[in-house]
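Each protein sequence line maps, in turn, to chains D and Y. Everything in the first sequence is counted per my numbering, starting at 68 for the first residue and increasing by one. Everything in the second sequence is counted per my numbering, starting at 289 for the first residue and increasing by one. C-beta atoms are modelled at their ideal positions from N, C-alpha and C, and glycine is treated no differently.
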Amino acid sequence: AQSVTQPDIHITVSEGASLELRCNYSYGATPYLFWYVQSPGQGLQLLLKYFSGDTLVQGIKGFEAEFKRSQSSFNLRKPSVHWSDAAEYFCAVRAGNTPLVFGKGTRLSVIA
Amino acid sequence: NAGVTQTPKFRVLKTGQSMTLLCAQDMNHEYMYWYRQDPGMGLRLIHYSVGEGTTAKGEVPDGYNVSRLKKQNFLLGLESAAPSQTSVYFCASRARTATDTQYFGPGTRLTVL
Numbered sequence: 068a069q070s071v072t073q074p075d076i077h078i079t080v081s082e083g084a085s086l087e088l089r090c091n092y093s094y095g096a097t098p099y100l101f102w103y104v105q106s107p108g109q110g111l112q113l114l115l116k117y118f119s120g121d122t123l124v125q126g127i128k129g130f131e132a133e134f135k136r137s138q139s140s141f142n143l144r145k146p147s148v149h150w151s152d153a154a155e156y157f158c159a160v161r162a163g164n165t166p167l168v169f170g171k172g173t174r175l176s177v178i179a
Numbered sequence: 289n290a291g292v293t294q295t296p297k298f299r300v301l302k303t304g305q306s307m308t309l310l311c312a313q314d315m316n317h318e319y320m321y322w323y324r325q326d327p328g329m330g331l332r333l334i335h336y337s338v339g340e341g342t343t344a345k346g347e348v349p350d351g352y353n354v355s356r357l358k359k360q361n362f363l364l365g366l367e368s369a370a371p372s373q374t375s376v377y378f379c380a381s382r383a384r385t386a387t388d389t390q391y392f393g394p395g396t397r398l399t400v401l
């Protein structure tokens with residue numbers, strides 16, 4: 068069965084600084100990979116997804132993620148963080164049509 | 289197009305009480321899911337359905353039952369609520385194609401005293 072690890076529980080960055088959130092997955096083949104964002108008290112919104120092809124995928128709100136098969140990773144990046152990016156971020160994986168499996172999340176705080 | 293809706297938004301139960309959470313989607317999706325979210329645990333799958341009249345267990349099914357009598361609705365039932373079921377519950381749906389996006393409802397915050 069597939070699994071997802073987000074090594075960082077909480078990250079604090081300064082507004083305007085770059086951001087990288089880590090995600091590692093465990094699965095024998097290439098899974099479908101997702102990043103979701105959850106603002107406080109809200110539901111989950113899809114940031115981006117990877118199925119195949121170009122390993123660098125662009126998402127909404129200026130986020131991008133890179134799939135690295137050799138490292139079983141799908142890290143999320145943003146070149147310049149805004150205060151409104153403060154939220155919880157979840158990496159998720161799916162093998163074919165099986166249900167999504169989520170990581171435990173990384174909480175992002177943004178300071179002035 | 290309302291997407292995925294959940295009823296109710298908030299609920300407080302006493303231990304042993306029962307209740308049903310309703311999830312509705314208007315996107316004609318075949319697949320529907322119930323997750324629970326607890327601090328530091330991410331989202332864990334309770335039950336899911338791949339079509340009307342079918343259900344399957346997820347990672348944490350104990351204490352919950354589900355029904356999918358209509359394609360657009362997916363009900364989650366707690367027969368005898370326990371404090372350990374205090375959580376935020378999210379419903380989600382997606383189309384049959386594996387590459388389709390999974391959409392989430394706004395969540396139901398349940399407290400069991």
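- With a beta-carbon spacing of about 16 Å, L364(Y) and T399(Y) fall beyond the 8 Å limit used to define contacts.
- For A386(Y), the nearest CB of chain D lies under 8 Å from its own CB, placing it at the interface with that chain.
- Selection G341(Y), M329(Y), Y323(Y) evaluated against H335(Y) yields Y323(Y) as nearest (Cα-Cα).
- Taking a beta-carbon distance threshold of 8 Å, L86(D) does not count as an interface residue toward chain Y.
- A check of alpha carbon separations from L123(D) across T79(D), G110(D), D75(D), R144(D) identifies R144(D) as the nearest.
- F130(D) counts as buried, since no fewer than 16 other beta carbons sit within 10 angstroms of its beta carbon.
- Contact between G120(D) and P394(Y) does not hold, since their C-beta atoms are separated by about 32 Å, which reaches or exceeds 8 Å.
- Between A386(Y) and Y103(D), the C-beta gap is not smaller than 8 Å, which leaves the two residues out of contact.
- Beyond the five residues adjoining it in sequence on each side, K171(D) comes within less than 7 Å, by CB distance, of Q73 in the same chain, given in chain order.
- Interface with chain Y (8 Å Cβ-Cβ cutoff): Q109(D) is included.
- If you draw a 10 Å sphere on the C-beta of D152(D), you find 16 or more other C-beta atoms in it, and that means buried.
- Relative to T374(Y), the option among T389(Y), Y352(Y), M320(Y) whose CA is nearest is Y352(Y).
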